[in-house]
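Colleague:
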Amino acid sequence: MTDDRLDSMSLDAGVETGRFSLRFPPALERRFEAETGLARSRSLVWRGLVAIGFFVVYLAADWMLTPDVFGLALVLRLAIVLPLALVAVARLWFNPRPALRESLVGGVCVAAGVSTLLIMLLSVSPLRDAQQDAVILVVLFVVIVERLRFPYAVASTVLMTAAFVTAVLVLPGADKSRQFSEIIVFGGAAVLSLVAGYTLERETRRSYLLGLRERLRSSNFKLQSLHDPLTGLETAALSTMRWRNCPVPMAARWRSSSPISTISNPITTPWATSPATSA
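Under this note's numbering, the residues of the sequence shown are numbered 1 to 279, in order.
1. Measure the alpha-carbon distance for V50 versus L44 and round it to whole angstroms.
2. For V185, count neighbouring Cβ atoms within 10 angstroms of its own Cβ and tell me buried if that reaches 16, exposed if not.
3. At the level of alpha carbons, what is the spacing between L22 and S156?
4. Please return the same chain residues whose Cβ sits closer than 8 Å to the Cβ of Y198, not counting the five positions on each side in sequence.
5. Kindly indicate which residue of M160, L200, V191, L86 has the alpha-carbon position closest to the one of W46.
6. Can you tell which of L209, L216, R217 has its C-alpha closest to the C-alpha of E29?
7. CB P172 to CB S125, shorter than 9 Å?
8. Does the separation of the CB atoms of S280 and Y152 fall below 9 Å?
9. Could you spell out where the alpha helix (DSSP H) holding R42 opens and where it closes?
10. So, is I80 buried or exposed, given that buried needs 16 or more other C-beta atoms within 10 angstroms?
11. If I measure Cβ to Cβ from L118 and keep anything under 7 Å in the same chain, skipping five residues before and after, which residues do I get?
12. According to DSSP, is E146 helix, strand or coil?
13. Beta-carbon within less than 6 Å of L121's beta-carbon, same chain only, minus the 5 sequence neighbours each way: which residues are those?
14. DSSP on T161, reduced to helix/strand/coil?
15. Less than 9 Å separating the beta-carbons of V105 and L148?
16. When we look at the beta-carbon of E146 and count the other beta-carbons within 10 Å, is it buried (16 or more) or exposed?
17. Excluding the five sequence neighbours on either side, which residues of its own chain have a C-beta within less than 6 Å of the C-beta of A73, listed in chain order?
18. Would DSSP call F141 helix, strand or coil?
19. Specify the secondary structure class of L127 as computed by DSSP and reduced to three states.
20. Can you give me the Cβ contacts of F32 inside the same chain, cut-off strictly under 8 Å, excluding the 5 residues immediately before and after it?
21. Where M64 and V56 are concerned, what is the direct C-alpha to C-alpha distance, given to the nearest angstrom?
22. Assign R23 to one of three DSSP states: helix, strand, or coil.
23. How many Å lie between G71 and A27 at the Cα?
24. Under DSSP, the alpha helix (DSSP H) around I119 begins and ends at which residues?
25. Report the three-state DSSP secondary structure of G188 (helix, strand or coil).
26. Would you identify the three-state DSSP class for F94, choosing helix, strand or coil?
27. What is the rounded straight-line gap between the Cα of R291 and the Cα of Y58?
This is the structure:
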């Protein structure tokens, strides 16, 4: 495959071998983003708005689990993370470059997870440990729901895993065995999420390759039908297509100058006489 041409043979090789699984060659990657980028940005916007709604509703859980730091939760969630999320959603609507698009989504989700861990660390409530479950939901949302491009999903998951492990280890009064168990559970959820995210992105890109291959084949068949394979001359289909697309006055002049049009003209001969003359 060259940088500027796409052909069915190279696409066939990509589909069969899977060598384009997570990253296409430059020309194909640009085409992929040009054809799917806007739709992806808009879907991220709608899913992001739903996530923002759940994020705000989660304040009720903050009140029940960590009421002693509920004021801090209001500040972190409504004054810091929520404005960041709204700005990111607004920017996504205008279909930014792929790197910025994926970074915005991953960055906001990491900020949401870190804010939850900070609330847990600063609380002395006996139910504070339950906040850890929310961070697992954030990881699942990033990788499975938003389907962040795999390198960005890995980066976001690694950052949240590091923050989670740090928060669990420095949590005052935590049991060591329970800390180890919580880290194992979180790590398992993160790894399984990434495996699922890898599979989803691979299938998405493979589906795109299949669709593009069919479109190229259809285009090639159409072009072949317009020229004779032996002589290379135009076929009647191409001539008819050009005649139909030419301006109306030109088509009318062509019809009037065609020999076929003389059939419809009356034939006059020297010996033809009018009824008045014969009478």
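We put the CB at the ideal spot given by N, CA and C, even for glycine. Note that this is a predicted model, so its numbers are computed, not measured.
Modeller: Based on what the coordinates show:
1. 10 Å
2. exposed
3. 17 Å
4. L22, F150
5. Of M160, L200, V191, L86, the residue nearest in Cα terms is L86.
6. L209
7. no
8. With the chain represented from 1 up to 279, any question about residue 280 goes unanswered, as that position is not in the structure.
9. 26 to 57
10. Label assigned to I80: exposed.
11. L76
12. coil
13. A167
14. helix
15. yes
16. buried
17. Take A73, set aside five residues on each side of it, and the residues of its chain with a beta-carbon closer than 6 Å to its own are D62, I119, in chain order.
18. helix
19. In the structure shown, L127 sits in coil (DSSP, three-state: anything other than H, G, I, E or B).
20. F24, R205, Y208
21. Roughly 14 Å between the two C-alpha positions.
22. coil
23. 51 Å
24. Element bounds for I119: 98 to 122.
25. helix
26. coil
27. Outside the shown range of the chain (1 to 279) lies residue 291, about which nothing can therefore be said.
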